[in-house]
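Just so it is clear: in the sequence shown, position 57 is 48 by the numbering used here, and no numbers are missing.
All C-beta atoms in this analysis are idealised placements derived from N, C-alpha and C, irrespective of residue type, glycine included.
A short worksheet on the structure shown next.
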Amino acid sequence: MGKTLYDIDKPPALGEVPEQMHAWLIRPERFGEPVHALEQEVVDVPEIREDEVLVYVMAAGVNYNNVWA
């Protein structure tokens, strides 16, 4: 049995899916300047359907022009 949540710098073992994950989100109540709108949160890992895969993302880019849109 694995952990519920892993630290950002500690990936889970191959095949292990934690219950929660770190995510950077923009919530409707936080629309506005990107520096205030985009915040790190801990959220539940989504349920994976039979025809889906779960991908471990180590890095992603954000275009701030899209955040303002």
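Discussion item. Here's the rule I'm using: 16 or more other beta-carbon atoms within 10 Å means buried, otherwise exposed. How should alanine 12 be labelled?
Written reply: It is methionine, not alanine, that sits at residue 12 in the sequence shown. Buried: at least 16 other Cβ atoms inside 10 Å.
Fill in: Option in Val46, His27 and Pro2 with minimal Cα separation from tryptophan 15
The residue with the shortest Cα to Cα distance from tryptophan 15 is His27.
Worksheet item: Taking DSSP as the reference, what is the three-state secondary structure of alanine 14?
Response: Alanine 14 carries a strand assignment under DSSP once its states are collapsed to helix, strand and coil.
Fill in: Closest by C-alpha distance to alanine 50, when choosing among Thr(-5), Leu(-4), Asp0 and Lys(-6)
Taking the Cα of alanine 50 as reference, the smallest distance to any Cα among Thr(-5), Leu(-4), Asp0 and Lys(-6) is reached at Asp0.
Discussion item. Going by C-alpha to C-alpha distance, which of Glu20, Tyr55 and Val44 sits closest to glycine 6?
Written reply: The residue from Glu20, Tyr55 and Val44 with its alpha-carbon nearest to that of glycine 6 is Val44.
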